[in-house]
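Right, one structure below, let's go through it.
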Amino acid sequence: MEKIAVLTGGGDCPGLNAVLRSLVLTLEGAGGPEVVGLCDAYFGLLDDPPRLMPLDGKTVDGLLVEGGTVLGTSNSGDPFRWHDGSDRGDLVLERLRAMGVGGLISIGGDGSTAIAAGLMDRGLPVICVPKTIDNDVHGTDITFGFDSAVHCATEALDRLQTTGESHRRVMVLETMGRDAGWIALASGIAGGADVILLPEVPFSYDRVVAKILEERVRGLSYNLVVVAEGAAEQDQEPLFRDPEHRRLGGVGAVVAQRIQALAGIETRAVLLGHLQRGGSPSPGDRVLATTFGCAAAHCVLEDRWGVLVGMNNNRIHYIALDEVAGKVRTVPLNHSLMQTARSLGICLG
Ligand code: F6P
């Protein structure tokens, strides 16, 4: 194989550029195939003319510390369900073949992995590298981007603590986490939250307010509540700020209003939003992203396709795409972090 393509798909996260850098440097060092980047995921490839970015040691220089992705990304360009309703899967294969590309590295979350698996079924050799701040890709214990997001949310909680304490308030922080509450759970534990609400556990205001009042009786003068955007009250749907596009957001403000009304304590809400996705990757994410990029390059060199590169018990492993595509890794209710939270008396809803 003389040429491979690489794309970054779905929502961005810190560490994407670090993967590109280590993939390219490892392949270049081993005399492997040349690498061409597809701009804005499948949009760049399917545009006329295609928008591409040749990648070599020089172009990836300095990318390790850069947030976002130099290739650009999109979470709305599924070639099998294009905007005009057409199926452009075969066109993807045709264009890559015409460019002399023999295989594709897809760096993305669950959606991108499902698309890559579909392309593989049509005959394209693919390797997937899992990314997302949400940490919810099936087949890996951890994704890069997650650690940076947890840093961001924890710093926010630390700041909310001092202002909350000064005003004797309840401070509610809404984090990202559509289907999985990993960010809320980890940052809530790291930031000393009294209440952590996850998409995995339907919550009740009675239990949340009881916990807050209990802490006040114990003498605590403020409370921290972390709510994942996908968390919902028992028997209720999650809150969509844009129902048509199923865009979540706003549950934190609703939770804050209800706490204030039910507990009679002044409460404020902060929506952390895309701050969690921006900025330079944490050292941990730089290491993980570099490790994943390197592992993907070795797959190319060893002609090992149709796999997702993942981390299992702190070791790189490769898992067949058809075993992971379309599955989301939610927080298991018996996960050690959940047990830690329960042992600390944190209200989980
Ligand atoms: O990357 C996943 C995610 O962060 C989700 O937690 C969130 O719902 C979504 O992206 C928001 O994406 P955007 O607003 O960029 O479309």
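This note's numbering puts the first residue of the sequence shown at 108, with every later residue one more than the last.
Just so it is clear, CB atoms sit at the ideal spot from N, CA and C, and this is done for glycine as well.
(Q) Between Ala338, Gly174 and Pro156, which has its C-alpha nearest Arg384's C-alpha? (A) Residue 384 sits at position 277 when you count from the first residue of the sequence shown. Closest option to Arg384, Cα to Cα, is Gly174.
Check: Which value, in whole angstroms, describes the spacing of the CA atoms of Glu109 and Gly136?
Finding: By 1-based counting over the sequence shown, the position of residue 109 is 2. By 1-based counting over the sequence shown, the position of residue 136 is 29. The straight-line gap from Cα to Cα measures roughly 15 Å.
Which one or two residues does DSSP pair with His442 in a beta bridge?
The residue labelled residue 442 in the question sits at position 335 within the sequence shown. Residue pairing of His442 in beta bridges, as defined by DSSP: absent, with no partner found.
DSSP three-state assignment for Cys120, whether helix, strand or coil:
Here residue 120 is taken as the residue at index 13 of the sequence shown, counted from 1. The answer is coil: DSSP assigns Cys120 none of H, G, I, E or B.
Quick test of your reading: Thr239 and Gly417, contact by CB under 8 Å. State the CB separation rounded to the nearest angstrom. Your numbering for residue 239 matches position 132 in the sequence shown. Your numbering for residue 417 matches position 310 in the sequence shown. Contact flag wrong, Cβ pair sits at about 13 Å.
Thr462: CB within 7 Å of a non-hydrogen atom of the ligand F6P = Because the chain in this structure spans residues 108 to 456, residue 462 falls outside the shown range and cannot be described.
* Asked: For Thr269, is the beta carbon positioned less than 7 Å from some heavy atom of the ligand F6P?
  -> Position 162 of the sequence shown, counted from the start, is the residue given in the question as residue 269. Thr269 Cβ: outside cutoff for every heavy atom of the ligand F6P.
Margin query: Suppose contacts are defined by Cβ-Cβ distances below 8 Å. Is Leu308 in contact with Gly452 by that definition?
Written below: Taking the first residue of the sequence shown as position 1, residue 308 is located at position 201. Taking the first residue of the sequence shown as position 1, residue 452 is located at position 345. The sequence shown places Val at residue 308, rather than the Leu named in the question. Gly452 sits away from Val308, with the two beta carbons spaced by 8 Å or more.
- Query: Around the Cβ of Glu344, are there at least 16 other Cβ atoms within 10 angstroms (buried) or fewer (exposed)?
  - Reply: Here the question's residue 344 lines up with position 237 in the sequence shown. So Glu344 counts as exposed.
Tell me the DSSP secondary structure of Thr437 in three-state form.
Residue mapping note: residue 437 aligns to position 330 of the sequence shown, counting from 1. Per DSSP, reduced to three states, the secondary structure at Thr437 is coil, with no helix or strand assignment.
Please tell me whether, using a cut-off of 7 Å, the distance from the CB of Thr239 to the nearest non-hydrogen atom of the ligand F6P is below it.
Within the sequence shown, numbered from 1, the residue matching residue 239 stands at position 132. Yes, the Cβ of Thr239 comes within 7 Å of a heavy atom of the ligand F6P.
Any heavy atom of the ligand F6P within a distance shorter than 7 Å of the CB on Arg375? Here residue 375 is taken as the residue at index 268 of the sequence shown, counted from 1. Result no, Cβ not under 7 Å from the ligand F6P.
Within 10 Å of its beta-carbon, does Leu440 have 16 or more other beta-carbons around it, so buried, or fewer, so exposed? Taking the first residue of the sequence shown as position 1, residue 440 is located at position 333. Exposed is the call here.
From this set, Arg375, Tyr149, His381 and Val333, which residue's C-alpha is nearest Arg354's C-alpha?
-> Position 247 of the sequence shown, counted from the first residue, corresponds to residue 354. Sorting Arg375, Tyr149, His381 and Val333 by C-alpha distance to the C-alpha of Arg354 places His381 at the top.
- Task: Have a look at Val362, Leu415, Met278 and Ala404 and flag the residue whose alpha-carbon is nearest the alpha-carbon of Ala221.
- Result: As a working mapping, residue 221 is identified with position 114 in the sequence shown. In this structure, Leu415 is the residue among Val362, Leu415, Met278 and Ala404 with its C-alpha nearest to the C-alpha of Ala221.
Exercise for the section: Would you give the residue range spanned by the beta strand (DSSP E) that Ile296 belongs to? Expected result: As a position in the sequence shown, residue 296 is number 189, starting the count at 1. Where Ile296 is concerned, there is no enclosing beta strand (DSSP E), although the alpha helix (DSSP H) around it starts and stops at Trp289 to Gly298.
Take Ala404 as the anchor and find which of Gly225, Asn419 and Tyr425 has the nearest alpha-carbon.
Along the sequence shown, one-based indexing puts residue 404 at 297. Its Cα nearest to that of Ala404, the residue Tyr425 stands out among Gly225, Asn419 and Tyr425.
* Asked: Does the beta-carbon distance from Arg365 to Tyr312 come in below 8 Å?
  -> As a working mapping, residue 365 is identified with position 258 in the sequence shown. As a working mapping, residue 312 is identified with position 205 in the sequence shown. In this structure, Tyr312 lies closer than 8 Å to Arg365 by Cβ.
Report task. For Met160, name the three-state secondary structure that DSSP assigns. Result -> Counting from 1 along the sequence shown, the entry for residue 160 is found at position 53. For Met160, the secondary structure class from DSSP, reduced to helix, strand or coil, is strand.
Query raised in the report: For Gly151, which of helix, strand or coil comes out of DSSP?
Result: For the purposes of this step, residue 151 is identified with residue 44 of the sequence shown, where counting begins at 1. Helix.
Gly196, buried or exposed, once every other Cβ within 10 Å from all chains shown has been counted against 16
What you label residue 196 is simply residue 89 of the sequence shown in a count that begins at 1. The residue is buried, with at least 16 neighbouring Cβ atoms inside 10 Å.
**OP:** State whether the region 113 to 125 contacts the region 152 to 171, with contact taken as three or more CB pairs (one from each stretch) at a distance under 8 Å.
**Re:** Flag = yes, the region 113 to 125 and the region 152 to 171 touch.
Q: Give the C-beta separation of Leu280 and Val333 to the nearest angstrom, bearing in mind that I take them to be a contact with Cβ-Cβ under 8 Å.
A: The count along the sequence shown starts at 1 and reaches residue 280 at position 173. The count along the sequence shown starts at 1 and reaches residue 333 at position 226. Rounded, the Cβ-Cβ distance is 5 Å, consistent with contact.
Contact the region 315 to 325 vs the region 278 to 296: 3+ CB pairs below 8 Å: The region 315 to 325 makes no contact with the region 278 to 296, as fewer than three CB pairs between them are under 8 Å.
Notebook entry, point to check: Taking one C-beta from the region 406 to 414 and one from the region 222 to 239 each time, how about it: are there three or more such pairs within less than 8 Å?
Noted result: In short, these stretches touch, since the Cβ pair count reaches three.
Leu331 vs Met278 beta-carbon contact at 8 Å
As a working mapping, residue 331 is identified with position 224 in the sequence shown. As a working mapping, residue 278 is identified with position 171 in the sequence shown. In contact: Leu331 and Met278 (Cβ atoms closer than 8 Å).
Task: Same chain, Cβ closer than 6 Å to Arg158, five either side skipped, listed in chain order - done: Stepping through the sequence shown from its first residue, residue 158 is reached at position 51. Here Arg158 has Cys146 and Gly151 as same chain residues with Cβ atoms under 6 Å from its own Cβ, once five neighbours each way along the sequence are excluded.
Nearest-angstrom Cα separation, counted from Gly192 out to Ser450 = Here residue 450 is taken as the residue at index 343 of the sequence shown, counted from 1. Here residue 192 is taken as the residue at index 85 of the sequence shown, counted from 1. If you draw a straight line from the Cα of Ser450 to the Cα of Gly192, it is about 50 Å long.
| If you compare alpha carbons, which of Val315, Gln341 and Cys120 is closest to Gly386? | Counted from its first residue, the sequence shown places residue 386 at position 279. In this structure, Cys120 is the residue among Val315, Gln341 and Cys120 with its C-alpha nearest to the C-alpha of Gly386.
Rounded to a whole number of angstroms, what is the C-alpha to C-alpha distance between Val257 and Ala263?
Within the sequence shown, the letter at position 150 stands for residue 257. Within the sequence shown, the letter at position 156 stands for residue 263. Between Val257 and Ala263, the C-alpha separation is close to 10 Å.
| Which residues bound the beta strand (DSSP E) around His424? | Position 317 of the sequence shown holds residue 424. That run of the beta strand (DSSP E) goes Arg422 to Ala427.
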